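Following: one structure in structure tokens, then a few remarks.
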Amino acid sequence: IQLIQSPSSVSASVGDSLTITCRASQDIAGWLVWYQQRPGRAPRLLIYAASTLQTGVPARFSGRGSGTLFTLTINTLQPEDFATYYCQHASSFRFTFGPGTKVDIK
Amino acid sequence: QLMESGGGVVQPGTSLRLSCVAADFDFRSFPMHWVRQSPGKGLEWVATISYSGSNKFYGESVKGRFIVSRDNLNNTFYLQMNNLRPEDTASYFCGRDVSSRLVGAANLWGQGIRVSVSP
Numbered sequence: 023i024q025l026i027q028s029p030s031s032v033s034a035s036v037g038d039s040l041t042i043t044c045r046a047s048q049d050i051a052g053w054l055v056w057y058q059q060r061p062g063r064a065p066r067l068l069i070y071a072a073s074t075l076q077t078g079v080p081a082r083f084s085g086r087g088s089g090t091l092f093t094l095t096i097n098t099l100q101p102e103d104f105a106t107y108y109c110q111h112a113s114s115f116r117f118t119f120g121p122g123t124k125v126d127i128k
Numbered sequence: 026q027l028m029e030s031g032g033g034v035v036q037p038g039t040s041l042r043l044s045c046v047a048a049d050f051d052f053r054s055f056p057m058h059w060v061r062q063s064p065g066k067g068l069e070w071v072a073t074i075s076y077s078g079s080n081k082f083y084g085e086s087v088k089g090r091f092i093v094s095r096d097n098l099n100n101t102f103y104l105q106m107n108n109l110r111p112e113d114t115a116s117y118f119c120g121r122d123v124s125s126r127l128v129g130a131a132n133l134w135g136q137g138i139r140v141s142v143s144p
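As they're listed, the protein sequences go chains A and B. For the first sequence, this note's numbering puts the final residue at 128, and the numbers step up evenly by one. For the second sequence, this note's numbering puts the final residue at 144, and the numbers step up evenly by one.
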């Protein structure tokens, strides 16, 4: 199963909202995870099962989708949100990551 | 918390074993994951083991060369890496699954350990 993320990179300003899309090459139901990674750091779990917000993650992050199309939306970007975001599928005991979306400051 | 060890610089074709020691949670109840990141590249899933150790899953690029295991008595998770290749050069992260049911998402990570494979 391949995952395609779009855009591959985006420039945004503090206060903007943005949506990242992850498309799966096959139906993966709701088995989709979103991570945030800052340079030199371990990944940080944001959302699992497509839409379940990990405890402690701000509510400005939200995930939607099922089947082959998924989105991660970040409302009101904060300075700490400028990072790279990865989707990952978690079906059939294969946990492949997407290529990532880099969000930087405009 | 999780803490990796065992990284270093090795030659192609050799072996290395990474360890991940867990603390402050019921280690035996959670599936565990290894994920790696080559310099300047994205994340790559490497391997996953169920909470009991009876089920193991591997990424295509390491299948047949890497072996994942765990010692639930000593709260330690391992990645035995054999026949190492230059393309295995990466930072390796261990992660704990969010659920004992193996959701495939990791909500606790180690700081990462570097492995460099070079002639």
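Idealized CB from N, CA, C, for every residue including glycine. Everything numeric in this text was worked out from a predicted model, so none of it was measured.
Check the Cβ of L68(B) against every Cβ in chain A and list those closer than 8 Å, keeping chain order.
-> Y57, Q59, P65, Y108, Q110, F119, G122
Do L68(A) and Q58(A) have their C-beta atoms closer together than 8 Å?
-> yes
Could you work out which residues of chain B lie near Q76(A), taking near to mean beta carbons separated by less than 9 Å?
-> V123, A130, N132
Could you check what DSSP says for D49(B) in three-state terms: helix, strand or coil?
-> D49(B): coil per DSSP, three-state reduction.
V1(B) versus Q76(A), A46(A), P121(A), residue with shortest Cα-Cα distance | It is not possible to answer for residue 1(B), since the shown part of chain B is limited to 26 through 144.
Going by CA-CA distance only, name the one from R61(B), R53(B), G135(B) that's closest to T74(B).
-> The identity of residue 74(B) in the sequence shown is Ile, whereas the question assumes Thr. Ranking R61(B), R53(B), G135(B) by Cα distance to I74(B) puts R53(B) first.
C-alpha distance - P61(A) paired with T106(A), whole-angstrom precision | 8 Å
Closer than 7 Å by C-beta to R116(A): which residues in its own chain qualify, once you throw out the five before and the five after it? Chain order, please.
-> I23
Consider the Cβ of F50(B): report whether some Cβ of chain A lies at a distance smaller than 8 Å.
-> Cβ-Cβ to chain A under 8 Å: no for F50(B).
Taking Cβ positions only, does F118(B) come closer than 8 Å to chain A?
-> yes
Residues of its chain near L41(B), where Cβ-Cβ distance is below 6 Å and the 5 sequence neighbours each way are ignored = Counting only residues of its own chain and dropping the five nearest sequence neighbours on each side, L41(B) has a CB closer than 6 Å to the CB of V35, M106.
Can you give the Cα-Cα distance for S141(B) and W56(A), rounded to whole angstroms?
-> Each residue's alpha carbon lies about 28 Å from the other.
Decide if the stretch 63-70 of chain B is in contact with the stretch 108-122 of chain B; the criterion is three or more beta carbon pairs, one per stretch, under 8 Å apart.
-> yes
Where the beta strand (DSSP E) through G89(A) begins and ends | First-last for G89(A): undefined, no H or E at that position.
Span of the beta strand (DSSP E), counted from its first residue to its last, around G32(B) = Note, G32(B): premise wrong, no beta strand (DSSP E); not H, not E.
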